[in-house]
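Numbering (my numbering), first residue to last: 0 to 97.
Here you go:
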């Protein structure tokens, strides 16, 4: 849940997600994702910005839509940038060059 912080600022949720990245790579708009999981498009925006943490039901619906396990979409810790994961994989590839 979110609440008001100092001077009316919104407190960010502790739940991190990859929704914006997943939507972008699959060409899905906020409105399309919202319609598929039964929420308002603004809710998807709140989730992406970290202004709102999903209920278990909503989180599972989103994961089902993307065909991914929960931990691939949501985390209590920030996700490492995708580029760092790709470069790390390339560096560890025994067939590739260092």
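Note that CB positions come from ideal geometry on N, CA and C, so glycine has one too. Model, not experiment: these values are computed from the prediction.
So, helix, strand or coil for residue i, using DSSP?
i: residue 65; result: helix
i: residue 82; result: helix
i: residue 12; result: coil
i: residue 0; result: Reliability of the predicted coordinates at residue 0 is poor, the pLDDT of 46 falling under 50, and no value is obtained from them.
Residue range of the alpha helix (DSSP H) that residue i falls in?
i: residue 44; result: 40-48
i: residue 36; result: 29-36
i: residue 25; result: 18-25
Using the Cβ count rule (16 or more neighbours within 10 Å means buried), how would you classify residue i?
i: residue 29; result: buried
i: residue 85; result: exposed
i: residue 75; result: exposed
i: residue 73; result: buried
i: residue 79; result: exposed
Restricting to Cα atoms, I'd like to know which of the options is closest to residue i.
i: residue 49; options: 18, 83 and 40; result: 18
i: residue 82; options: 11, 15, 20 and 39; result: 20
i: residue 62; options: 36, 26 and 12; result: 36
i: residue 15; options: 31, 53 and 33; result: 53
i: residue 38; options: 56, 13, 77 and 87; result: 56
Tell me whether residue i counts as near the ligand ADP, meaning its Cβ is closer than 7 Å to at least one heavy atom of that ligand.
i: residue 69; result: Ligands displayed in this structure: none; no statement on the ligand ADP is therefore possible.
If I'm right that residue i touches residue j with Cβ under 8 Å, what's the distance once you round it to whole angstroms?
i: residue 59; j: residue 69; result: 7 Å
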